[in-house]
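Student:
Numbering (our numbering), first residue to last: 733 to 863.
(1) Is the beta carbon of residue 849 closer than 7 Å to that of residue 772?
(2) For the structure I just gave you, are there three or more beta carbon pairs, one from the stretch 823–833 and one from the stretch 786–803, closer than 8 Å?
(3) What residues match up with residue 862 in a beta bridge as DSSP calls it?
(4) Which value, in whole angstroms, describes the spacing of the CA atoms of residue 862 and residue 832?
(5) Buried or exposed: where does residue 845 fall if 16 or more other Cβ atoms within 10 Å of its Cβ makes it buried?
(6) Only counting the same chain, and skipping five residues up and downstream in sequence, which positions put a Cβ closer than 6 Å to that of residue 756?
(7) Consult DSSP for residue 818 and reduce its assignment to one of helix, strand or coil.
(8) Using three-state DSSP, classify residue 854 as helix, strand or coil.
(9) Tell me residue 779's beta-bridge partners as DSSP assigns them.
(10) Mapping the DSSP letters down to three states, classify residue 833 as helix, strand or coil.
(11) What does a CB cutoff of less than 8 Å around residue 784 pick up in its chain, not counting 5 residues either side in sequence?
(12) Tell me whether the beta-carbon of residue 751 lies closer than 7 Å to the beta-carbon of residue 765.
Okay, here's the thing in structure tokens:
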């Protein structure tokens, strides 16, 4: 005899995914996640260095680094300004450019985009790493 409740329970278990094990498989990203699960957010626009500077001046931003083959790396908000100056600024590609990796330190760059969600206290800036 076939037990429908067992099928439903098996489906729920199979459908469960621990977001801590999820890695970026392609860029641009289609969704965001963190250790708590998927984040209900949507890409709003691509960002230039000037756009990011304005976001930081107006209260800060939450940086998230996306690199194919790795989990998303959420930079603590308290570290975002230093991360911007040290890591992002020298590697940021213009949204309309076809970045030549040799023009950037260590031959990698980031394309930045702003993501929003309803209960957002700080904008999310996703940095998609190209190398």
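All C-beta atoms, glycine included, are put in the ideal place defined by N, C-alpha and C.
Tutor: So, from the listed chains and residues:
(1) Here residue 772 refers to the residue found at position 40 when the chain shown is read from its first residue. Here residue 849 refers to the residue found at position 117 when the chain shown is read from its first residue. Yes. Within cutoff.
(2) Touching, no.
(3) Locating residue 862 in the chain shown gives position 130, counting from the first residue. Partner(s): 841.
(4) The sequence position of residue 862 within the chain shown is 130, counting from 1. The sequence position of residue 832 within the chain shown is 100, counting from 1. Between residue 862 and residue 832, the C-alpha separation is close to 10 Å.
(5) By 1-based counting over the chain shown, the position of residue 845 is 113. It counts as buried.
(6) In the chain shown, the residue the question calls residue 756 occupies position 24. Excluding the 5 residues flanking it on each side, residue 756 has same chain C-beta neighbours closer than 6 Å at 798 and 800, in chain order.
(7) Along the chain shown, read from residue 1 onward, the residue named residue 818 stands at position 86. Looking at residue 818 - three-state DSSP - the assignment turns out to be helix.
(8) Counting from 1 along the chain shown, the entry for residue 854 is found at position 122. Residue state, collapsed to three classes: coil.
(9) Position 47 of the chain shown, counting from 1, holds the residue named residue 779. Assignment of beta-bridge partners to residue 779 by DSSP yields 844.
(10) Counting from one through the chain shown, the residue named residue 833 turns up at place 101. Correct three-state label for residue 833: helix.
(11) Sequence index remark: in the chain shown, residue 784 carries index 52 (1-based). Contacts found: 793, 816, 820, 824, 844 and 857.
(12) To locate residue 751, count along the chain shown from 1; it is residue 19. To locate residue 765, count along the chain shown from 1; it is residue 33. Cβ atoms of residue 751 and residue 765: closer than 7 Å.
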